[in-house]
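A short worksheet on the structure shown next.
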Amino acid sequence: MARLDEVCKLPGHQGIVWNVGWNHEGTILISCGEDKTVRLWARNINSENNLWVCHSILSDGHQRTIRSVSFSPCNKLIASASFDGTCCIWEKKTSTEGNQYECTATLEGHENEVKCVAWSASGSFLATCSRDKSVWIWEVGEDGDFECAAVLSAHTQDVKKVVWHPHQDILASASYDNTVKLFCEEDDDWVCFGTLKSHDSTVWSLAFDSSGKNLATCSDDRTIKIWKEYLPGNQFGIATSDNTPTWKCVCTLSAVHPRAVYDISWCHQTGLIATASGDDAIRIFRIDPESDPHAPTLEQLVTVPRAHEQDVNSVAWNPVITGLLASCSDDMHLKVWQYKG
Amino acid sequence: MAVTTTVSDFDIQDAFDSLVLSEDNLVNKAYEEGLVHGEKVGFQEGFDLGNQKGAEIGSEIFFYRGFAKGWIALLSENELPGENNPKSVKALKKLLKLLDSFPQGNPKSQDIIALLQEIRAKFKHCCAILKVDASYSAKSQLSF
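Here the protein sequences line up with chains E and X, keeping their order.
Be aware that the first sequence starts at 1, since it is given in the UniProt record's numbering, and climbs by one per residue.
Be aware that the second sequence starts at 1, since it is given in the UniProt record's numbering, and climbs by one per residue.
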């Protein structure tokens with residue numbers, strides 16, 4: 001019987017904790033929230049029970065709530081997105097007093113609340129999205145400066161989340177207009193090459209699997225969906241246009257989440273899918289290996305009904321340590337979980 | 001003789017009909033008149049609205065056009081080897097191309113709102129590259 005055991009509960013944030021993530025080595029847990037701070041947590045090697053403790057607090061970068069935070073693939077930079085309309089880049093400086101993060105750049109341009117920030121897998125791009133309905137792509141220069149590469153106004157409403165493809169420079173964005181849009185670079189310009197329509201309400205979050213050929217989305221309509229990429233000229237008879245791949249919804253899971261699903265994380269090691277929901281629960285799924293890959297079924301493995309005392313806002317699988325999951329909530333806490341299959 | 005003809009043409013049934021239907025006839029007549037008047041007034045109102053909106057959009061488009069032309073001129077004037085910024089010029093030229101593609105009329109087949117949004121996004125992109133804080137505001141228009 002699969003289990004999700006609580007490893008530890010981490011207090012510290014003064015207010016809602018909005019987002020959690022890991023560095024790419026899986027050694028540092030990162031969080032941000034309403035208290036305008038970014039916190040870094042690491043495993044306390046001196047303690048016997050391997051607890052995670054806060055070792056750095058990044059403050060004074062933003063004027064308002066920090067909604068999203070992300071480590072660069074090189075692990076040296078952290079990007080944070082705030083409701084003050086800016087995005088801060090924090091750089092690790094090694095001094096005699098130890099490692100310190102300093103805000104080295106502020107990206108301005110959005111008209112209002114920035115909802116999410118994400119680094120591309122190659123590290124050469126940064127994407128941000130905002131309530132102003134636009135998605136911005138920034139090119140990361142060698143000398144550490146950021147130049148705006150594109151302003152994309154494909155969505156008709158608030159854009160909630162941006163996520164990069166795990167191997168290519170392809171960006172996916174989720175919006176209050178109930179759609180997901182896909183962007184790629186074409187002749188020096190970024191263009192929208194796909195719109196994924198099927199959800200009946202706000203798409204809160206999305207996650208690619210390790211291959212980048214499947215995408216999971218979660219929504220305010222209480223469902224999660226799996227989308228599959230079909231390349232031009234595929235043998236399955238799925239039509240494509242303009243020589244671009246078609247993304248087709250191949251699975252919808254409804255009647256499982258009684259409330260909105262705010263976040264979804266697809267583990268690139270185990271293939272497990274974790275969801276964070278407005279009913280305070282965390283759920284773990286996997287694609288039934290026996291099911292048809294073109295019409296997969298999701299198998300629910302674990303439900304932790306009262307994972308947090310209030311809405312769970314974000315979940316993230318550790319990229320290295322198998323089965324380690326982080327979550328955060330309106331209840332001002334982070335939690336670390338261990339999955340045992 | 002003519003009188004008798006008229007009298008013989010007179011049908012008491014018609015008289016009754018016209019009495020009974022007088023309300024309907026008046027309503028129909030008033031409806032027709034109202035329709036003509038409404039069309040005229042409605043056309044004027046629509047024309048005024050279209051005129052106003054068209055002027056607003058035109059003003060915005062030409063603000064961007066002036067911005068793009070001005071910056072392109074400025075950047076090519078100071079173009080020194082190794083100092084030019086092809087990225088900004090490229091973005092500005094793209095903006096200019098979009099502006100040129102904006103229709104002068106009101107074609108039903110083209111989504112001009114989407115095109116306007118694309119133009120606004122490109123303008124923001126140009127501002128971000130040039131590191132200038134410019135924005136179009138209808139309030140800055142001259143009034144006479």
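Glycine included, each C-beta is placed from N, C-alpha and C at the ideal position.
Unbroken beta strand (DSSP E) run spanning residue 208 of chain E, endpoints: 203-208
Other residues of its chain near residue 34 of chain E: CB distance less than 6 Å, five sequence neighbours each side excluded: 15, 16, 65
Cβ-based burial, residue 36 of chain X [other Cβ within 10 Å; buried from 16]: Flag for residue 36 of chain X reads exposed.
Below-8 Å beta-carbon distance, residue 148 of chain E vs any chain X residue: Closer than 8 Å: yes.
Chain-ordered chain X contacts of residue 196 of chain E [CB-CB under 9 Å]: Correct list: empty, because the minimum Cβ distance to chain X is about 19 Å.
8 Å contact criterion, which residue 263 of chain E and residue 275 of chain E should meet: CB distance rounded: At roughly 7 Å, the Cβ-Cβ gap stays under 8 Å, so residue 263 of chain E and residue 275 of chain E are in contact.
CB contact below 8 Å: residue 110 of chain X versus chain E: no
Residue burial classification, residue 39 of chain E (beta-carbon count within 10 angstroms, cutoff 16): buried
The segment 52-63 of chain E contacting the segment 12-24 of chain X, beta-carbon criterion three pairs below 8 Å: In short, these stretches do not touch, since the Cβ pair count stays below three.
Nearest residue (CA-CA) to residue 213 of chain E, options E:179, E:172, E:222, E:191: E:172
Buried or exposed (CB count within 10 angstroms, at least 16 for buried), residue 27 of chain X: exposed
Bounding residues of the alpha helix (DSSP H) (the contiguous stretch that carries residue 127 of chain X): 112-130
Identity of the residue in E:198, E:190, E:184, E:279 nearest residue 178 of chain E by Cα: The shortest Cα separation from residue 178 of chain E among E:198, E:190, E:184, E:279 belongs to E:198.
Among E:132, E:127, E:126, the one whose alpha carbon lies nearest that of residue 121 of chain X: E:132
Neighbourhood of residue 341 of chain E by C-beta, 6 Å cutoff - its chain only, sequence neighbours within 5 removed: Excluding the 5 residues flanking it on each side, residue 341 of chain E has same chain C-beta neighbours closer than 6 Å at 2, in chain order.
Beta-carbon proximity check, residue 74 of chain E vs residue 114 of chain E, cutoff 8 Å: no
Residue from X:9, X:137, X:131 with nearest C-alpha to residue 71 of chain X: X:131
Cβ-based contacts, 9 Å cut-off: residues of the segment 188-214 of chain E near chain X: Taking 9 Å as the Cβ-Cβ cut-off, the segment 188-214 of chain E approaches chain X at 188, 189, given in chain order.
Min CB distance residue 109 of chain E to chain X below 8 Å: yes
Beta carbon of residue 223 of chain E nearer than 8 Å to that of residue 253 of chain E: yes
Any chain E beta carbon closer than 8 Å to residue 124 of chain X: Interface residue, yes.
Boundaries of the alpha helix (DSSP H) in which residue 59 of chain X is found, first to last residue: That run of the alpha helix (DSSP H) goes 22-77.
Beta-carbon gap between residue 134 of chain E and residue 158 of chain E smaller than 8 Å: no
Coarse secondary structure for residue 153 of chain E, derived from DSSP in three states: Residue state for residue 153 of chain E is assigned as coil, using DSSP reduced to three classes.
Sequence-distant residues of its chain with Cβ nearer than 7 Å to residue 202 of chain E (five each side left out): 160, 176, 178, 219, 220
CB contact check: residue 89 of chain X to chain E, cutoff 8 Å: With 8 Å as the cut-off, residue 89 of chain X does not count as an interface residue toward chain E.
Residue 60 of chain X at chain E interface by Cβ criterion, 8 Å: So, not an interface residue.
Of the residues E:246, E:318, E:231, the one placed nearest residue 23 of chain E, counting alpha carbons only: E:318
Chain E residues whose Cβ lies nearer than 7 Å to that of residue 118 of chain X: 153
C-beta atoms of residue 105 of chain E and residue 164 of chain E nearer than 8 Å: no
Contacts around residue 51 of chain E, its chain only, beta-carbon distance under 6 Å, and the 5 residues preceding and following it disregarded: 8, 44
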